[in-house]
Amino acid sequence: MSRRVTLDLGFAGNTRDVTVVIPDDEPTPWQWGERLSVVGKPAPRVDGPLKATGAARYTYDIELPGMLYGAILRSPWPHARIRNIDLSAAEHLDGVRAVLALEDREIRFAGQEVAAVAAVSSDLAADALKLIKVDYETMPFVVDMDAAMADSAPRVFGSGSNVGRTSTSSVGNVARGLEVAANTIEAAYTTAVQTHVCLETHGAVASFNAAGDQLTVWCSTQGIFSVRDDLAVYFSLPPNNVRVVCEFLGGGFGSKFGATPEMIVAARLARAAGVPVKVMLPRGDEHRSTGNRPNSEQKVRLGVDRDGKLTAIEVVARGSGGINGGAGSADPFKSVYRCANIRTEERNIYTNAGPASPMRAPGWPQGCFALELAMDEMARKAGIDRLEFRRRNSDNPVRAAEYEIGARAFGWAEKNSAPKSDGAVKRGVGVASAEWHAVGVSGPEAQAIAHRDGSVEVRVGTQDIGTGTRTILAIVAAEELGLPVDRVKSEIGDTRFLFSVPSGGSLSAPSNTPAVRQAAAHLKDKLFRIAAPILSAEPGDLEASDGFIRVRTNPSRSLAFADVCKRIPGDSISAQGERVPNYEGFRTDQAGCQFAEVEVDTETGIVRVTHVVAVHDAGRIIDPLMARSQVNGGILMGIGFALFEDRRMDPQLGIMVNPTMDDYKLPGSLDVPRIDVTFFEVANGITNTGVMGLGEVAHVASAAAVACAVYDAIGAPVRSLPMTPDRVLAALGHA
Amino acid sequence: MNRFEVITPADLASASQLLAQDGHVAFAGGVDVIDLMKQGIVSPTALVNLKGLKELGGIEVRPSGELRLGATAKLSEVAEHPAIRARFTAIAEAASETATPQIRNLGTVGGNLLQRPRCWYFRNPDVNCLKKSGDKCYAFGGLNRYHAILGGDPAFIVHPSNLAPALIAMRASATIVGPAGKRTIELENFFTLPTVDPKRENSLKPGEIITEVIVPAPSASVSSHYLEARERQSFDWPLVSVAIALDRAPGAKTIHDARVVMGAVAPVPWRSHEAEAALKAGPLDEPRARAAAKAALKGAQPMSDNAYKVVMAKVIVRRAIMSAAGLEAA
Chain A
1 MSRRVTLDLG FAGNTRDVTV VIPDDEPTPW QWGERLSVVG KPAPRVDGPL
51 KATGAARYTY DIELPGMLYG AILRSPWPHA RIRNIDLSAA EHLDGVRAVL
101 ALEDREIRFA GQEVAAVAAV SSDLAADALK LIKVDYETMP FVVDMDAAMA
151 DSAPRVFGSG SNVGRTSTSS VGNVARGLEV AANTIEAAYT TAVQTHVCLE
201 THGAVASFNA AGDQLTVWCS TQGIFSVRDD LAVYFSLPPN NVRVVCEFLG
251 GGFGSKFGAT PEMIVAARLA RAAGVPVKVM LPRGDEHRST GNRPNSEQKV
301 RLGVDRDGKL TAIEVVARGS GGINGGAGSA DPFKSVYRCA NIRTEERNIY
351 TNAGPASPMR APGWPQGCFA LELAMDEMAR KAGIDRLEFR RRNSDNPVRA
401 AEYEIGARAF GWAEKNSAPK SDGAVKRGVG VASAEWHAVG VSGPEAQAIA
451 HRDGSVEVRV GTQDIGTGTR TILAIVAAEE LGLPVDRVKS EIGDTRFLFS
501 VPSGGSLSAP SNTPAVRQAA AHLKDKLFRI AAPILSAEPG DLEASDGFIR
551 VRTNPSRSLA FADVCKRIPG DSISAQGERV PNYEGFRTDQ AGCQFAEVEV
601 DTETGIVRVT HVVAVHDAGR IIDPLMARSQ VNGGILMGIG FALFEDRRMD
651 PQLGIMVNPT MDDYKLPGSL DVPRIDVTFF EVANGITNTG VMGLGEVAHV
701 ASAAAVACAV YDAIGAPVRS LPMTPDRVLA ALGHA
Chain B
1 MNRFEVITPA DLASASQLLA QDGHVAFAGG VDVIDLMKQG IVSPTALVNL
51 KGLKELGGIE VRPSGELRLG ATAKLSEVAE HPAIRARFTA IAEAASETAT
101 PQIRNLGTVG GNLLQRPRCW YFRNPDVNCL KKSGDKCYAF GGLNRYHAIL
151 GGDPAFIVHP SNLAPALIAM RASATIVGPA GKRTIELENF FTLPTVDPKR
201 ENSLKPGEII TEVIVPAPSA SVSSHYLEAR ERQSFDWPLV SVAIALDRAP
251 GAKTIHDARV VMGAVAPVPW RSHEAEAALK AGPLDEPRAR AAAKAALKGA
301 QPMSDNAYKV VMAKVIVRRA IMSAAGLEAA
């Protein structure tokens with residue numbers, strides 16, 4: 001059964017009524033401007049004290065009785081065949097309980113897994129690794145993308161080409177668009193390989209039952225259910241015989257989907273040893289083998305007419321995902337700016353380097369950097385203000401409104417026309433546009449439970465990638481039940497709870513909050529049925545607010561929520577909710593823009609970011625504190641990408657030379673600028689909460705805005721990321 | 001990490017005896033040695049704990065104006081000491097620019113001088129380079145953006161100490177106690193180039209311990225300054241650094257003595273007599289500072305990735321001179 005609901009969708013000054021059909025048991029979507037009691041109010045992270053005191057249990061903290069410590073031997077060679085592995089010395093070391101050689105005998109990157117051991121201490125496991133004798137037949141290798149494209153280059157995969165399939169897209173006629181243009185530019189842009197650098201490295205603790213048919217894995221993952229399914233397949237077990245737990249997760253950024261090699265190693269060692277085994281990766285292995293954002297080289301051509309409208313956009317891009325595919329950066333060129341003639345071409349080049357994996361808006365930070373810096377080069381050549389140039393070429397009303405908000409908050413007009421200073425340190429500003437799609441998907445189910453003591457629990461099989469999932473789920477349930485947030489406890493991170501989707505692709509908030517809200521609404525209905533006879537009312541006449549259940553038309557007739565709970569038969573009462581498919585809403589895309597200010601020392605080439613203003617739409621904001629924190633993180637990761645981060649591969653040895661926190665440089669506290677975040681609320685009407693994800697859109701434009709600001713400061717574009725001093729000095733003609 | 005024991009000697013003489021044995025390594029702050037052990041770059045059988053030895057502790061400005069830094073004095077104590085900040089400014093500045101507050105609270109003067117280079121080939125357990133038992137410096141012909149532009153051959157590391165250039169600029173000497181007794185060496189002569197022994201960065205012999213660093217009293221007309229450039233503002237190693245000490249009589253235009261010592265450009269702290277001569281050649285002004293900076297980098301031989309360090313070093317040397325002299329940059 002279903003019903004029709006009319007929703008007022010859009011944003012201030014741009015709203016329209018849309019009638020949607022929703023299931024009968026779906027709570028009525030919160031309306032634009034509806035007064036809510038806890039949603040939208042800043043609430044501190046509910047598990048903040050646990051994290052700050054060290055009480056939160058991450059995978060690293062799991063200790064089980066009899067548990068062994070596993071370690072993985074990795075190839076020092078970038079390309080080799082394993083002739084033989086002699087495990088005997090390792091097996092005979094006192095304290096070693098299991099040793100295994102991995103099946104893959106073809107080594108394609110330095111850092112690939114070769115063998116593994118489990119021992120009674122991690123020191124013994126490390127000692128045992130040294131006793132494993134591997135006979136490698138080393139082979140020619142290639143780690144440089146350009147070198148890998150040569151006909152004579154060593155092949156990463158036997159006889160297969162290192163050059164992947166070319167994927168293209170084309171609208172209109174770019175050649176014609178460039179012909180009719182009043183001005184054109186053509187330039188090549190490059191970005192470096194960025195690694196995820198999860199603060200908690202990849203790892204797992206695995207435990208089989210005595211019969212060997214029940215596997216429990218505690219692991220650091222973005223997708224407990226995808227890990228469960230992968231492990232079930234690998235070990236030929238029914239999925240229900242595999243339980244995956246992830247109470248707390250120290251970052252994933254796209255690198256922790258599914259059963260990763262160290263999880264499988266932990267489970268295999270546990271099965272072989274007959275006791276639980278923990279494998280946590282050392283930092284160097286994390287850098288080398290668990291994923292990365294591919295590098296890119298992007299040749300861009302733009303054309304504009306006399307009115308400053310784009311007549312042509314073209315990008316020919318390539319990148320290397322190491323032994324994986326996944327390089328590509330053309331998406332922003334297809335959709336951020338309006339143009340009748342757009343052509344894109346992208347290719348993945350295989351090299352003997354660690355595998356790429358999805359990373360926070362795959363392809364977009366690279367593509368946005370090239371597109372936005374090219375836009376600035378084009379604007380300068382055509383003599384148009386950069387912000388005006390973007391306005392003229394964007395037809396997205398949300399972004400148009402955000403440009404104005406951001407420009408005001410940043411002081412664009414004054415800063416853009418201010419002198420760059422007459423000393424060595426020049427100031428510059430830049431603006432870049434963001435885009436993402438984050439309306440979530442159906443699939444998750446949630447359970448809401450009221451206990452006799454008046455407390456409420458919500459349980460969902462999701463996990464908190466760090467964005468405050470527990471907090472926002474508690475807020476949504478509290479809103480529906482008319483309770484303060486601290487009366488609701490969120491339980492997540494266990495496949496014994498109802499299914500949810502992986503925390504990636506900005507899916508978590510928009511996919512989970514509607515299921516939790518529905519579950520809470522269903523629980524509320526059950527509590528209303530308990531309260532109704534006492535209040536001499538029909539359940540349908542009741543409402544829940546301020547910790548009371550009361551008669552809507554006569555609020556003085558009420559019962560405290562806790563008093564209703566005391567009448568729960570048995571110990572608790574529970575209800576379920578599901579995430580229904582998206583309704584037809586306002587827009588499924590997100591715009592967003594970021595403004596950056598930098599100081600460039602033109603004599604040393606050192607860049608400092610001093611101020612960032614971010615304007616983002618993410619539907620309804622559940623908790624502005626959590627949301628702002630997520631945007632801060634996206635910006636900092638973008639500053640790292642813009643200024644510091646580069647996985648550096650030595651061409652002579654084929655190894656990563658900087659797999660440490662010392663040499664692989666992340667921004668530190670003194671590199672953090674002032675950040676101002678404004679949320680531009682858009683009623684999108686796609687779910688009962690109207691929430692959109694924020695993880696990715698907050699990151700895509702950050703590096704681009706910084707690069708545009710550097711160009712503004714020094715008058716020369718730095719077309720390669722990271723913008724290290726050598727590159728800035730080279731752009732200035734000093735080196 | 002290998003198994004090892006920690007031995008706490010009763011006195012300096014037994015510490016020296018212990019350190020004369022193979023596989024025994026000195027331990028105080030432990031910042032660098034533990035890192036090297038975790039990476040498997042050094043595998044001592046015993047760490048000799050110097051922390052409790054009273055001869056190694058303390059900071060003192062003697063009535064003569066001479067500064068004594070005990071080898072186990074913490075970097076944070078050096079950075080915050082009011083007399084050091086006032087009269088030995090470059091030394092306090094160098095200490096305060098080092099690493100992070102946590103590391104400055106652990107790291108010691110002796111450890112800072114004796115820490116091993118940060119070279120990413122040397123620190124990689126999978127690479128056997130010239131500084132270990134290998135026969136090749138991979139930085140030459142490899143990735144060398146952070147490597148030497150002066151005096152590199154045959155091992156192109158840079159000396160990582162912040163304190164060393166500042167101490168040398170202030171004419172410091174080290175007191176060393178060893179099996180053969182006590183010796184004193186000008187810090188300038190303590191560090192050794194890879195041409196002497198590519199595996200080592202200094203002349204400390206087995207069993208020898210730096211007990212203190214003595215900085216002579218500077219005359220009232222000496223001013224000093226330490227300046228470094230780094231990519232990140234937080235917790236980063238200098239790309240180039242320099243310590244300047246200038247002696248200029250009150251009211252005089254010309255400097256009668258100067259020391260210019262660069263860090264992070266060569267395998268040893270690099271004193272530039274050429275720059276010092278250029279500074280003394282006439283009245284000090286911006287063009288003279290620029291000429292001195294140019295002279296400091298005259299012999300630079302950059303490799304494939306580090307030519308920018310030559311440009312940057314000239315800027316940092318010039319700025320540090322101007323700042324030490326109390327002159328505004330033009």
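These protein sequences, in sequence, are chains A and B.
For reference, each letter of the first sequence is one residue, going 1 to 735 in the working numbering.
For reference, each letter of the second sequence is one residue, going 1 to 330 in the working numbering.
Glycine residues also receive a C-beta, built at the ideal position from the N, C-alpha and C atoms.
Source: prediction; values computed, not measured.
Does residue i pass the burial test, meaning 16 or more other C-beta atoms within 10 Å, or should it be called exposed?
| i | result |
| --- | --- |
| valine 194 of chain B | The amino acid at residue 194 of chain B is misidentified as valine; the sequence shows proline. Buried, by the Cβ-count rule. |
| methionine 170 of chain B | buried |
| glutamate 372 of chain A | buried |
| isoleucine 269 of chain B | A quick correction: the sequence has proline, not isoleucine, at residue 269 of chain B. With 16 or more other Cβ atoms within 10 Å, it is buried. |
| arginine 459 of chain A | buried |
| arginine 306 of chain A | exposed |
| isoleucine 52 of chain A | It should be pointed out that residue 52 of chain A corresponds to alanine in this sequence rather than to isoleucine. Exposed is the call here. |
| asparagine 162 of chain A | buried |
| arginine 123 of chain B | buried |
| glutamate 314 of chain A | buried |
When DSSP labels each residue in this structure, what does residue i get in the three-state scheme?
| i | result |
| --- | --- |
| glutamine 102 of chain B | helix |
| cysteine 593 of chain A | strand |
| phenylalanine 561 of chain A | helix |
| threonine 260 of chain A | coil |
| phenylalanine 190 of chain B | helix |
| glutamine 194 of chain A | strand |
| aspartate 525 of chain A | helix |
| histidine 92 of chain A | helix |
| valine 488 of chain A | strand |
| aspartate 32 of chain B | helix |
| proline 514 of chain A | helix |
| threonine 469 of chain A | helix |
| glycine 693 of chain A | coil |
| histidine 338 of chain B | With chain B covering 1 to 330 only, the question about residue 338 of chain B has no answer from this structure. |
Work out the CA separation of residue j and residue i for me, nearest whole Å.
| i | j | result |
| --- | --- | --- |
| methionine 263 of chain A | leucine 102 of chain A | 13 Å |
| glycine 258 of chain A | methionine 661 of chain A | 26 Å |
| aspartate 94 of chain A | asparagine 2 of chain B | 16 Å |
| arginine 74 of chain A | isoleucine 85 of chain A | 12 Å |
| serine 490 of chain A | leucine 523 of chain A | 15 Å |
| arginine 118 of chain B | isoleucine 157 of chain B | 8 Å |
| methionine 1 of chain A | valine 21 of chain A | 10 Å |
| alanine 683 of chain A | serine 500 of chain A | 24 Å |
What distance in whole Å lies between the Cβ atoms of residue j and residue i, which are believed to be in contact at a cut-off of 8 Å?
| i | j | result |
| --- | --- | --- |
| isoleucine 622 of chain A | threonine 513 of chain A | 7 Å |
| glutamate 538 of chain A | arginine 552 of chain A | Contact flag wrong, Cβ pair sits at about 10 Å. |
| glycine 203 of chain A | serine 220 of chain A | 6 Å |
| alanine 148 of chain A | isoleucine 107 of chain A | Between isoleucine 107 of chain A and alanine 148 of chain A the Cβ distance is about 17 Å, and since that is not below 8 Å, they are no contact. |
| glycine 577 of chain A | serine 511 of chain A | Glycine 577 of chain A to serine 511 of chain A, Cβ: 12 Å. No contact. |
| isoleucine 714 of chain A | leucine 694 of chain A | Going by Cβ atoms, the distance from isoleucine 714 of chain A to leucine 694 of chain A rounds to 32 Å, so no, they are not a contact pair. |
| glycine 70 of chain A | alanine 115 of chain A | With 8 Å as the limit, glycine 70 of chain A and alanine 115 of chain A do not qualify as a contact, their Cβ atoms being about 11 Å apart. |
| proline 125 of chain B | isoleucine 41 of chain B | 7 Å |
Closer than 6 Å: is that where the CB of residue i sits relative to any heavy atom of the ligand ATP?
| i | result |
| --- | --- |
| histidine 734 of chain A | No copy of the ligand ATP appears in this structure; indeed no ligand is present at all. |
Of all the alpha helix (DSSP H) runs that stay within the bounds of the region 278 to 355 of chain A, which reach a length of 4 or more residues? 283 to 289 and 331 to 335
Counting only runs of 3+ residues fully inside the region 634 to 680 of chain A, write out the beta strand (DSSP E) ranges in chain order. 674 to 679
Can you give, in chain order, each stretch of the beta strand (DSSP E) that sits fully within the region 95 to 119 of chain A and has at least 3 residues? 96 to 101 and 113 to 119
Jot down the residue ranges of each uninterrupted beta strand (DSSP E) in the region 42 to 80 of chain A, minimum 3 residues, whole runs only, in chain order. 68 to 74
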